[in-house]
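Numbering (the numbering used here), first residue to last: 820 to 1276.
In structure tokens, the structure reads:
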């Protein structure tokens, strides 16, 4: 039995000082002694001790022992034991995505400290170096993925396979938001329909799930329901790879018909409507949000994630912007949840918006304290009173932005770059297209006089 050699986890999931010191030592593996695994870390164990523990806690070793116990019981005519599936947090399973995530965590802590000490850093190069050091450290550690060879006497209920599903999702999907939704949907199904045996799930159970979702949220969009069907279908696709008696994926071919709210084609606001909207007596934070939406063309979920650490007015002289790319904050590496990789871009601040933002600027912290869903409900409720049209709500600001620039003869390539339909600023190819200075020049061609509208009285 290999001893527990990793620093203890904190109850709130944050990095403890012991974990931070441990990670710092892991990063520094430059000497031959450390690369050979003989160096003693401040935990009291060598690098090789840690490697041994990781091998012992690998999935392949676990499934080997599970099979051994069950085969031994069967050979002796004894009742086979029901072996509990281990928690994923107690297993060692290293995928490239997991190693990259760990690398970013370690690098962000290291680079943040260097920044605070006034040292120059190269995020791209330092990230790559630390990632490679950790990959070298973990080489030959994981024994690979070995599925069970025996059937567990425990019924093949959905929850039995959730730990394996979580590992599969973490391995195959890079975006945090996609992983979260894939894990959440099948658990929603279990909560609303039941922990069914895998081969007993039928299409009528899918409709039961959909109807239960609509009972909880009657205005749920049909597109959202279709997404949840696909997410659960992905889980059952994995189940069909196993010999569990499933002949068809119950979530494939599901026609939701009229269930869920149909997708709305949002219409633009007229100039008169924009003046009426900004003349309303909004809360200050809501007014600022609407000003950002109309002057940038951002999606609502992008705007509600903005933080002051993401504001920059020095890299491009005279061009202030917020970045939706990864940034280092006091909490470590911060990434935004955006719709596509092309949405990872610089949000250039229009001069009319800058007048509003500068007096409110802070060094750190979120620009908005509210969530996307709460804001959408609150703002849409008020917009419905100001503009009496069912297809003119908060998402109309993005459409209005595009049309304002088309009316001013701005080409579609530039508009796509501004709203996040292009390559994105994380891609080198983005700079071969519409540069930041060019976008800034075109952005200024439309003015927003409605921002100066004041409530009556």
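Here a beta-carbon is modelled for each residue, glycine too, at the ideal position from N, C-alpha and C. Just so it is clear, the structure is predicted and the values come from calculations on it, not from any experiment.
List the whole-angstrom C-beta distance separating residue i from residue j, where the pair is believed to meet the contact cut-off of C-beta under 8 angstroms.
i	j	result
residue 1024	residue 1009	Not a contact, Cβ separation roughly 11 angstroms.
residue 1083	residue 1210	6 angstroms
residue 1216	residue 1107	With a Cβ gap of about 13 angstroms, residue 1216 and residue 1107 do not count as contacting.
residue 1269	residue 1093	4 angstroms
residue 1288	residue 1185	Since the displayed the chain opens at 820 and closes at 1276, residue 1288 lies outside it and no answer follows.
residue 967	residue 885	6 angstroms
residue 1098	residue 1274	6 angstroms
residue 1314	residue 965	Because the chain in this structure spans residues 820 to 1276, residue 1314 falls outside the shown range and cannot be described.
Exposed or buried, which one is residue i when buried takes at least 16 other CB atoms within 10 Å?
i	result
residue 987	buried
residue 1087	buried
residue 1222	exposed
residue 1247	For residue 1247, the pLDDT reaches just 40, beneath the cut-off of 50, and the residue's location in the model is therefore unreliable, leaving the point undetermined.
residue 1162	buried
residue 1258	buried
residue 1271	exposed
residue 1262	buried
residue 970	exposed
residue 1053	buried
residue 1109	buried
residue 1089	exposed
residue 952	buried
residue 1001	buried
residue 1249	Annotation note: pLDDT 44 at residue 1249 (below 50); position unreliable, no value reported.
residue 1260	exposed
residue 947	exposed
residue 1236	buried
residue 1003	exposed
residue 872	buried
residue 1050	buried
residue 1047	buried
residue 859	exposed
Report yes if the C-beta distance between residue i and residue j is below 8 angstroms; otherwise report no.
i	j	result
residue 1116	residue 1238	yes
residue 924	residue 940	no
residue 1167	residue 1255	yes
residue 1164	residue 1143	yes
residue 1180	residue 1220	no
residue 977	residue 995	no
residue 984	residue 1057	yes
residue 989	residue 998	yes
residue 1294	residue 898	Residue 1294 cannot be examined here, being either before or after the span of the chain that is shown, 820 to 1276.
residue 1045	residue 1055	no
residue 1065	residue 1018	yes
residue 975	residue 1063	yes
residue 1096	residue 1202	yes
residue 1194	residue 1123	yes
residue 1267	residue 1085	no
residue 880	residue 874	yes
residue 1198	residue 1105	yes
residue 775	residue 1183	This structure leaves residue 775 out entirely; the chain is present only between 820 and 1276.
Taking only beta-carbon positions, decide if residue i is within less than 8 angstroms of chain B.
i	result
residue 983	Chain labels in this structure do not include chain B; a single protein chain is all it has.
Closest to residue i by C-alpha separation, out of the options, would be which residue?
i	options	result
residue 1039	1192, 1228, 872, 928	1192
residue 889	1103, 1138, 902	902
residue 1081	1065, 945, 1037, 952	1037
residue 1265	1218, 1232, 1171	1171
residue 1028	1183, 880, 1079	1079
residue 1120	1176, 1231, 1190, 1026	1190
residue 1200	1101, 1229, 1169, 1175	1101
residue 1177	1196, 979, 1139	1139
residue 1007	1030, 991, 992	1030
residue 1061	1196, 1229, 980	980
residue 1026	1145, 928, 868, 1077	1077
residue 950	992, 927, 1232, 934	927
Next on the checklist: Report the start-end ranges of each alpha helix (DSSP H) in the region 1020–1084 that is 4 residues or longer and not cut off at the edges.
Outcome noted: You should have 1022–1035, 1041–1059.
Item to check | Whole alpha helix (DSSP H) elements within the region 1156–1195, 4-residue minimum | outcome: You should have 1170–1176.
Next on the checklist: Quick check on the DSSP output: what are the complete alpha helix (DSSP H) runs of length 4 or more inside the region 1109–1149, in order along the chain?
Outcome noted: With a minimum length of 4 residues, the continuous alpha helix (DSSP H) runs that stay inside the region 1109–1149 are 1119–1122.
Next on the checklist: So within the region 973–1005, which uninterrupted alpha helix (DSSP H) runs reach at least 4 residues, ignoring any that extend past its ends?
Outcome noted: Segments of the alpha helix (DSSP H) lying fully in the region 973–1005: 981–991.
Item to check | Uninterrupted beta strand (DSSP E) stretches inside the region 859–907 (no shorter than 3 residues) | outcome: If only complete runs of 3 or more residues are kept, the region 859–907 shows no beta strand (DSSP E) anywhere.
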